[in-house]
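In my numbering, the protein residues as written are 9 to 169.
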């Protein structure tokens with residue numbers, strides 16, 4: 009199964025200058041809950057923005073660079089290698105989201121209720137191809153000042169049955 013996890017603003021911004029344009033501990037907790045114990049796949053730039061492998065997960069980096077070999081991660085060089093891994097969660101960034109959108113079975117989306125300045129965007133996607141499984145409003149407080157909503161979507165039956 010191919011899942012994706014992403015947070016984006018109303019205008020689909022996911023990043024600015026290699027970082028997220030908001031800080032929401034609620035979303036970080038959500039990401040940890042969804043991905044702990046799983047295999048996450050990210051692009052090189054996303055990995056470099058994190059600075060280290062995320063603990064308690066298998067970290068896989070998809071990159072064209074053959075000389076990229078940081079410790080604590082597995083490196084792959086093709087979409088086919090990722091698909092051969094079985095159950096994975098696509099962790100970003102924008103290029104990986106685009107590459108895997110057509111084969112994603114499940115989307116964990118956090119929608120941030122703001123228009124964000126940014127240079128990196130989540131791709132447009134066909135909501136009609138997915139069923140909303142659940143929706144949960146994030147708590148707004150001093151540490152999480154921006155309204156946000158968590159969603160889980162699953163792809164509808166591909167055979168049309």
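Cβ coordinates follow ideal geometry from the N, Cα and C atoms, glycine included. Nothing here was measured: the structure is a model prediction, and the numbers come from that model.
Sequence-distant residues of its chain with Cβ nearer than 6 Å to residue i (five each side left out)
i, result
"residue 118", "15, 35, 156, 158"
"residue 56", "none"
"residue 148", "155"
"residue 169", "Confidence at residue 169 is low in this model, with a pLDDT of 45, below 50, so its placement is unreliable and no value can be given for it."
Residue j beta carbon less than 8 Å from that of residue i
i, j, result
"residue 48", "residue 62", "yes"
"residue 104", "residue 98", "yes"
"residue 39", "residue 29", "no"
"residue 115", "residue 129", "no"
"residue 112", "residue 12", "yes"
"residue 64", "residue 45", "yes"
Bridge partner(s) assigned by DSSP for residue i
i, result
"residue 96", "10"
"residue 68", "49, 82"
"residue 156", "120"
"residue 15", "118"
"residue 24", "27"
"residue 162", "114, 139"
Close-in-space but distant-in-sequence residues of the same chain around residue i (CB under 7 Å, 5 per side omitted)
i, result
"residue 54", "99, 100, 101"
"residue 107", "87"
"residue 10", "96, 98, 108, 111, 112, 113"
Neighbourhood of residue i by C-beta, 8 Å cutoff - its chain only, sequence neighbours within 5 removed
i, result
"residue 60", "80"
"residue 52", "69, 70, 71, 73, 76"
Whole-angstrom C-beta distance between residue j and residue i, which should lie under 8 Å
i, j, result
"residue 69", "residue 76", "7 Å"
"residue 134", "residue 25", "Actually they are not in contact, since the Cβ atoms of residue 134 and residue 25 sit about 30 Å apart, beyond 8 Å."
"residue 18", "residue 123", "6 Å"
"residue 196", "residue 84", "There is no way to answer for residue 196, as the model of the chain reaches only from 9 to 169."
"residue 141", "residue 162", "5 Å"
First and last residue of the uninterrupted alpha helix (DSSP H) at residue i
i, result
"residue 39", "33-43"
"residue 106", "102-108"
"residue 62", "From DSSP, residue 62 is part of no alpha helix (DSSP H); its letter is neither H nor E."
First through last residue of the beta strand (DSSP E) which encompasses residue i
i, result
"residue 145", "138-145"
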